[in-house]
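Have a look at the structure below before the remarks.
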Amino acid sequence: MLELKAEFRSACEEEDARCWMCGLEIDYSIPPELSWKDPAFQLDHFFPVSKYPELQEDPGNFRASHARCNRDRGDGPPRPPLGVLSESFY
Numbered sequence: 010m011l012e013l014k015a016e017f018r019s020a021c022e023e024e025d026a027r028c029w030m031c032g033l034e035i036d037y038s039i040p041p042e043l044s045w046k047d048p049a050f051q052l053d054h055f056f057p058v059s060k061y062p063e064l065q066e067d068p069g070n071f072r073a074s075h076a077r078c079n080r081d082r083g084d085g086p087p088r089p090p091l092g093v094l095s096e097s098f099y
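According to the numbering used here, the sequence shown is numbered sequentially starting from 10.
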């Protein structure tokens, strides 16, 4: 699993992938051993491992996220960020 995480992080950093939950930039300069820091990259699982352990190593279930967004979500559904409109009113 560590190799999968490293490969996924590398691919996300190369693409400058944003957090899939809040849409903001991720600070890829923070090394993996400090990934608990809020703006740092953390691998998130779209389908939580606690509920879908069979998908833990499925790259299709991987998402780039901030450490804080990942912690706040836990194993619940993602919450839309504030300020996202349900319709365009222009």
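Positions of the beta carbon are idealized from the N, C-alpha and C atoms, including for glycine.
Keep in mind the model is a prediction, meaning the values are calculated, not measured.
* Status (buried if at least 16 other CB within 10 Å, exposed otherwise) for PHE55 -> It is exposed - the Cβ of PHE55 has fewer than 16 other Cβ atoms within 10 Å.
* To do: Check each candidate in ILE39, LEU11, PHE17, ASP25 and name the one with the smallest Cα separation from ALA76.
  => When the alpha-carbon of ALA76 is set against those of ILE39, LEU11, PHE17, ASP25, the nearest one is in ILE39.
* To do: Counting only the same chain and skipping the five closest in sequence on each side, list residues whose C-beta sits under 6 Å from that of PRO71.
  => Going by the sequence as given, residue 71 is Phe instead of Pro. Correct list, in chain order: PHE17, LEU52.
* To do: Go ahead and label ALA15 buried or exposed: buried means 16 or more other beta carbons lie within 10 angstroms of its beta carbon, across all protein chains shown.
  => Flag for ALA15 reads exposed.
* To do: Determine the direct distance from the alpha carbon of ARG82 to that of LEU64, and round the result to whole angstroms.
  => C-alpha separation (whole angstroms): 18 Å.
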